[in-house]
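Visitor: Below you'll find the structure I mean.
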């Protein structure tokens, strides 16, 4: 349990570091005049091991901290593009732009039937995403359990080693007794110099 808590704390700290690194990367790209798209944001986030949600949070933070008009307007367009894709957050990245475009077309149509054009498509995609999510979740749980098992094994092995190599109570008592006896003999010898000199003559 302790090992799992340590692992999760490390994971949280690492995610925060990755988000800060992505923020610096995006700042550098914008300073070079590069115009990013919503898909660019997701792909950049992937290179820092961030999810699409975490990557967008980085952009929202940069948008909040924008302190000049040019940067603000550039980020505003990017945020609007991101927001248009957010309703399809769980959908695969490859189809998000198409779904956002189809939504606009359906909303602009005068036909009521067009309003529900995406319903069957989203239904099929949702089932696909749900199955994929379950697989990813199971994979992560398996990986975490494996890491925790390895850490627990290492900690247990170290503890077992020190248990075997550490002195027992009897060994400690025997060592103390030997030291005490040695000190008594040394004290007796130093207290009887005449006896030593007499024995020598």
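Residue numbers (our numbering): 131 to 331. The C-beta atom is built at its ideal place from N, Cα and C for all residues, glycine as well.
#1: If you follow the alpha helix (DSSP H) that residue 193 is in, where does it begin and where does it stop?
#2: Taking the alpha carbon of residue 161 as the point to measure from, which residue in 201, 262, 151 has its own alpha carbon closest?
#3: Assuming contact is defined by CB atoms lying nearer than 8 Å, are residue 186 and residue 171 in contact in what I supplied?
#4: Less than 8 Å between the C-beta atoms of residue 214 and residue 236, yes or no?
#5: Let me make sure I understand the geometry here. Which of 140, 267, 228 has the alpha-carbon closest to that of residue 251?
#6: Under a Cβ-count criterion, where at least 16 other Cβ atoms within 10 Å of its own Cβ denotes burial, should residue 253 be classed as buried or exposed?
#7: Below 8 Å between beta carbons: does that hold for residue 182 and residue 223?
#8: Out of 232, 205, 150, 180, which one is the CA nearest neighbour of residue 163?
#9: State the CB to CB distance for the pair residue 188 and residue 156, rounded to an integer number of angstroms; the pair is presumed to be in contact (CB under 8 Å).
#10: Please classify residue 221 as buried or exposed, where buried requires at least 16 other C-beta atoms within 10 Å of its C-beta.
#11: Roughly how far, in whole angstroms, is the beta-carbon of residue 211 from the beta-carbon of residue 168, given that I think they are within contact range, below 8 Å?
#12: What's the C-alpha gap between residue 271 and residue 148?
#13: In whole angstroms, what separates the C-alpha of residue 85 from that of residue 286?
#14: Whose C-beta lies closer than 7 Å to the C-beta of residue 226 among residues of the same chain, with five residues either side of it excluded?
#15: Measure the alpha-carbon distance for residue 184 versus residue 300 and round it to whole angstroms.
#16: Quick one: using the 10 Å Cβ neighbour count with 16 as the cut-off for buried, is residue 138 buried or exposed?
Guide: Quick look at the numbers:
#1: 182-195
#2: 201
#3: yes
#4: no
#5: 228
#6: exposed
#7: yes
#8: 205
#9: 7 Å
#10: buried
#11: 5 Å
#12: 22 Å
#13: Outside the displayed span of the chain (131 to 331) sits residue 85, for which this structure offers no information.
#14: 215, 218
#15: 58 Å
#16: exposed
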